[in-house]
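**Student:**
Number of protein chains: 2
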Amino acid sequence: MNFADRLQAAVAQKDSPCVLGLDAHLDLLPEAFAVARDPKAARSERAAAVAEFLCQLIDLAADRVAVVKPQSAFFELFGADGAEAWEKVVAHAHDAGLLVIGDVKRGDIASTAAAYATALLEGPGEAPDHRLCDAVTVNAFLGHDSIEPFLEVCRRAGRGIFVLVRTSNPGSEDFQTFGEPSLSHRLALATHRWGWDLRGECGLSAVGAVVGATHPRILGEMRELMPHTPFLLPGFGAQGARPADVLGAFTSREGAALVSSSRGVAFAYRQKANVGRHWRDAASDALDAMVGGVRDALTSR
Amino acid sequence: MNFADRLQAAVAQKDSPCVLGLDAHLDLLPEAFAVARDPKAARSERAAAVAEFLCQLIDLAADRVAVVKPQSAFFELFGADGAEAWEKVVAHAHDAGLLVIGDVKRGDIASTAAAYATALLEGPGEAPDHRLCDAVTVNAFLGHDSIEPFLEVCRRAGRGIFVLVRTSNPGSEDFQTFGEPSLSHRLALATHRWGWDLRGECGLSAVGAVVGATHPRILGEMRELMPHTPFLLPGFGAQGARPADVLGAFTSREGAALVSSSRGVAFAYRQKANVGRHWRDAASDALDAMVGGVRDALTSR
Numbered sequence: 110m111n112f113a114d115r116l117q118a119a120v121a122q123k124d125s126p127c128v129l130g131l132d133a134h135l136d137l138l139p140e141a142f143a144v145a146r147d148p149k150a151a152r153s154e155r156a157a158a159v160a161e162f163l164c165q166l167i168d169l170a171a172d173r174v175a176v177v178k179p180q181s182a183f184f185e186l187f188g189a190d191g192a193e194a195w196e197k198v199v200a201h202a203h204d205a206g207l208l209v210i211g212d213v214k215r216g217d218i219a220s221t222a223a224a225y226a227t228a229l230l231e232g233p234g235e236a237p238d239h240r241l242c243d244a245v246t247v248n249a250f251l252g253h254d255s256i257e258p259f260l261e262v263c264r265r266a267g268r269g270i271f272v273l274v275r276t277s278n279p280g281s282e283d284f285q286t287f288g289e290p291s292l293s294h295r296l297a298l299a300t301h302r303w304g305w306d307l308r309g310e311c312g313l314s315a316v317g318a319v320v321g322a323t324h325p326r327i328l329g330e331m332r333e334l335m336p337h338t339p340f341l342l343p344g345f346g347a348q349g350a351r352p353a354d355v356l357g358a359f360t361s362r363e364g365a366a367l368v369s370s371s372r373g374v375a376f377a378y379r380q381k382a383n384v385g386r387h388w389r390d391a392a393s394d395a396l397d398a399m400v401g402g403v404r405d406a407l408t409s410r
Numbered sequence: 110m111n112f113a114d115r116l117q118a119a120v121a122q123k124d125s126p127c128v129l130g131l132d133a134h135l136d137l138l139p140e141a142f143a144v145a146r147d148p149k150a151a152r153s154e155r156a157a158a159v160a161e162f163l164c165q166l167i168d169l170a171a172d173r174v175a176v177v178k179p180q181s182a183f184f185e186l187f188g189a190d191g192a193e194a195w196e197k198v199v200a201h202a203h204d205a206g207l208l209v210i211g212d213v214k215r216g217d218i219a220s221t222a223a224a225y226a227t228a229l230l231e232g233p234g235e236a237p238d239h240r241l242c243d244a245v246t247v248n249a250f251l252g253h254d255s256i257e258p259f260l261e262v263c264r265r266a267g268r269g270i271f272v273l274v275r276t277s278n279p280g281s282e283d284f285q286t287f288g289e290p291s292l293s294h295r296l297a298l299a300t301h302r303w304g305w306d307l308r309g310e311c312g313l314s315a316v317g318a319v320v321g322a323t324h325p326r327i328l329g330e331m332r333e334l335m336p337h338t339p340f341l342l343p344g345f346g347a348q349g350a351r352p353a354d355v356l357g358a359f360t361s362r363e364g365a366a367l368v369s370s371s372r373g374v375a376f377a378y379r380q381k382a383n384v385g386r387h388w389r390d391a392a393s394d395a396l397d398a399m400v401g402g403v404r405d406a407l408t409s410r
């Protein structure tokens, strides 16, 4: 089944285009998981604490989001122990009925890209493996031959990718916005083209685009360039984007845009308004606010 | 100690600017390691076979190269078992007295880039850890805030990075060469700037550049833009570059350019001329030919 169709069904079922980012910033973890940031503790124990926190966060959010997006860097921090934690978290998310977009931003020459695509989306073995992702983020800087192996796996295994088109960070203006048309514009055209043959029954493609929610003014332009492309919009919440900012990315098709928040939900307990509250309560309220805010903005547009 | 100084000393000691790429293409592995490509075999057994092959390759090459460059994708293929194999191979290379450039091509927003830099170069614990890399390749598409956390670690821990400036693959022309000046040109200027304060006593910087050896005509231009930058030149051998092609990247400073071959050495036994020979003998001869060829070209320029 095409990834876009699976994505649309999942978003429809939860009535929520929200994605929970799983970014285990060690410094921000609640005290109960403080062993994760203890440089004297065993690496395996530290990785296990990260996995435990994220699994609890998944359980908390599973009724309100369709998708989680684990960030690989915070797992790789713990080497092989972190890789084990990653597999545990991905499997836990699948068990909770969620889709998983691995935020790995890989990009390499063709034969290497094929290994990454197999590693993350398809697995090297014969048996189905629920430690694999449904989709991953990819960096297309190396060009078409760095993406094509992913497209093959998407086609063969019903998986998806989200190509970095315009990222949410301040540095995105260093290289992505220069040129006429800009690098991001060229990446958008390429993403649209790569995804054309991977459209599902819902009309959306299994090839998505990452466009920072922090750039509300360009979302409409990006949508025109990529009418069939699911947008993954990071930067909601902690990075500053609000519900009204992301409307330009949505279309009449459910699943056309996914709004992602990481720190704003997971670490809401650290906000001034939440001093003294349990991290779960603060996260749950932040999640409600996000889901409700996006839903209201979509209804009233 | 600055990474560039360590690099220069290592290159001088071996009298070889050659890097052995450790790319474990499963389909190309010698029969003795065929379990690595058996989808029915246990994942741990497959990963262990990859590690064993690469460790033997390291032992074979350790007297003729100063640096090895493992490619993370072929390890990630086996998930947590692959991560364990990666650590084993990196540690083995260090034990053999070699520097390790992890070919990981990571690139992400600031807080995440910091996690990658710690993960790969510095480690999350207190003890020195020889499973870490001396340097890694990075993708600067996300801009300055995706690189700065790496620079901090380079400064603090004596590590290095190699920024992708112009890659060796055909798709490098899709995005890297457009614009006036081109994206690669802009990346070269940024790489020079990022590395300025990280020059070692040898005059070279701990911030290097990846420039495909497959583009001989631009190496001179790149060298002018980045006079203090160590160049990592992949694409030698199997991807088509020859000794004369890479001369433009070298300067009078030892360590200014590193020529990297992966398949051309590791899988030389598959070449027509080597039918029936043991993979070690073929690899050893290919390594001699590479090291000798580059040395001769440098002497006669």
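So the protein sequences, as listed, match chains A and B. Numbers 110 to 410, taken from my numbering, label the letters of the first sequence in order. Numbers 110 to 410, taken from my numbering, label the letters of the second sequence in order. Even glycine gets a Cβ: it sits at the ideal position worked out from N, Cα and C. Since we're looking at a predicted model, the values are computed, not measured.
#1: Could you work out which residues of chain A lie near B:H134, taking near to mean beta carbons separated by less than 7 Å?
#2: Please name the residue in A:L131, A:A119 and A:D204 whose C-alpha comes closest to that of A:A392.
#3: What in chain A is Cβ-close to B:R155, meaning under 8 Å?
#4: Please confirm whether B:D204 has its beta-carbon closer than 8 Å to some beta-carbon of chain A.
#5: Answer yes or no: does any C-beta atom of chain B fall closer than 8 Å to that of A:F183?
#6: Using 8 Å for Cβ pairs, my map puts A:P352 next to A:A406. What's the rounded Cβ distance?
#7: Please identify, using Cβ separations under 7 Å, the residues of the stretch 138-154 of chain B that lie next to chain A, in order along the chain.
#8: Taking the beta strand (DSSP E) that B:S369 belongs to, which residues open and close that run?
#9: Do you know offhand how far B:R326's Cα is from B:V319's?
#10: Show which residues of chain A have a CB atom less than 8 Å away from the CB atom of B:S255.
#11: Take A:V400 and list the residues in its own chain whose beta-carbon comes closer than 7 Å to its own, dropping the five residues that flank it on each side.
#12: Verify whether the separation of the beta carbon atoms of A:P258 and A:A297 is less than 8 Å.
#13: Please list the partners that A:D217 has in chain B, where partner means a Cβ-to-Cβ separation under 7 Å.
#14: Please report how far the alpha carbon of A:F463 lies from the alpha carbon of A:N278, in whole angstroms.
#15: DSSP has B:I218 in a bridge; who is on the other side?
#16: Just the chain A side, please: which residues come within less than 8 Å of B:E196 by C-beta, in chain order?
#17: Can you find at least 3 beta carbon pairs, one from the stretch 173-189 of chain A and one from the stretch 141-154 of chain B, that sit closer than 8 Å?
#18: Of all the CB atoms in chain A, is at least one closer than 8 Å to the CB of B:F284?
#19: Sorted by chain position, which residues of the same chain lie with C-beta nearer than 6 Å to B:A194's C-beta, five sequence neighbours on each side aside?
#20: Give the interface partners of A:G288 over in chain B, defined as CB-CB distance under 7 Å, in chain order.
#21: Nearest to B:A113 by CA position, among B:E235, B:F271 and B:A133, is which residue?
#22: Determine the direct distance from the alpha carbon of B:A365 to that of B:C311, and round the result to whole angstroms.
#23: Is B:D243 helix, strand or coil by DSSP?
#24: To the nearest angstrom, how far is it from the Cα of A:L313 to the Cα of B:F287?
#25: Could you check the C-alpha separation between A:L328 and A:L292 for me, to the nearest Å?
#26: Cutting at 8 Å between CB atoms, please list the residues of its own chain near A:L334, excluding the five before and the five after it.
**Tutor:** Looking at the coordinates:
#1: Counting from 1 along the second sequence, the entry for residue 134 of chain B is found at position 25. Near B:H134 (Cβ distances below 7 Å), the residues of chain A are S220.
#2: Working through the first sequence from its first residue, we reach residue 392 of chain A at position 283. Per the Cα distances, A:L131.
#3: Within the second sequence, residue 155 of chain B is the residue found at index 46, counting from 1. Residues of chain A passing the Cβ test: P233.
#4: The count along the second sequence starts at 1 and reaches residue 204 of chain B at position 95. Cβ-Cβ to chain A under 8 Å: no for B:D204.
#5: For this step, residue 183 of chain A is matched to residue 74 along the first sequence. Yes, because at least one Cβ of chain B sits closer than 8 Å to the Cβ of A:F183.
#6: Residue 352 of chain A sits at position 243 when you count from the first residue of the first sequence. Residue 406 of chain A sits at position 297 when you count from the first residue of the first sequence. Their Cβ separation, rounded to whole angstroms, is 4 Å, which keeps A:P352 and A:A406 in contact under 8 Å.
#7: P148, K149 and R152
#8: Here residue 369 of chain B corresponds to residue number 260 of the second sequence, with the count starting at 1. Taken as a continuous stretch (DSSP letters only), the beta strand (DSSP E) holding B:S369 covers A366 to S370.
#9: The sequence position of residue 326 of chain B within the second sequence is 217, counting from 1. The sequence position of residue 319 of chain B within the second sequence is 210, counting from 1. The alpha-carbon atoms of B:R326 and B:V319 are separated by roughly 15 Å.
#10: Against the second sequence, residue 255 of chain B aligns to sequence position 146. By Cβ distance, chain A contributes N278 and G280.
#11: Residue mapping note: residue 400 of chain A aligns to position 291 of the first sequence, counting from 1. Closer than 7 Å at Cβ, skipping near neighbours: S125, C127 and R173.
#12: Taking the first residue of the first sequence as position 1, residue 258 of chain A is located at position 149. Taking the first residue of the first sequence as position 1, residue 297 of chain A is located at position 188. Not a contact, by the Cβ cut-off of 8 Å.
#13: For this step, residue 217 of chain A is matched to residue 108 along the first sequence. Near A:D217 (Cβ distances below 7 Å), the residues of chain B are A182 and K214.
#14: Within the shown structure, residues of chain A are numbered from 110 to 410, placing residue 463 of chain A beyond reach of any answer.
#15: As a first step, residue 218 of chain B must be located in the second sequence, where it is residue number 109. DSSP output for B:I218 lists no bridge partner at all.
#16: Residue 196 of chain B sits at position 87 when you count from the first residue of the second sequence. In chain order: G188 and A189.
#17: no
#18: Within the second sequence, the letter at position 175 stands for residue 284 of chain B. Yes, its Cβ sits closer than 8 Å to a Cβ of chain A.
#19: As a working mapping, residue 194 of chain B is identified with position 85 in the second sequence. Excluding positions up to five away in sequence, the list reads A156, V159, A160 and F184.
#20: Position 179 of the first sequence, counting from 1, holds the residue named residue 288 of chain A. Ordered by position in chain B, the residues that pass the 7 Å Cβ test against A:G288 are F287 and G288.
#21: Within the second sequence, the letter at position 4 stands for residue 113 of chain B. Per the Cα distances, B:F271.
#22: Walking along the second sequence from the start, residue 311 of chain B turns up at place 202. Walking along the second sequence from the start, residue 365 of chain B turns up at place 256. Approximately 10 Å between the Cα atoms of the pair.
#23: Looking up residue 243 of chain B in the second sequence gives position 134. B:D243 falls in the coil class under three-state DSSP.
#24: Walking along the first sequence from the start, residue 313 of chain A turns up at place 204. Walking along the second sequence from the start, residue 287 of chain B turns up at place 178. Going from the Cα of A:L313 to the Cα of B:F287 covers about 29 Å.
#25: Working through the first sequence from its first residue, we reach residue 328 of chain A at position 219. Working through the first sequence from its first residue, we reach residue 292 of chain A at position 183. When rounded, the distance between both Cα atoms is 15 Å.
#26: Taking the first sequence and counting its residues from 1, one reaches residue 334 of chain A at position 225. Once the five neighbours on either side are set aside, the close Cβ partners of A:L334 are H294, A297, L298 and H301.
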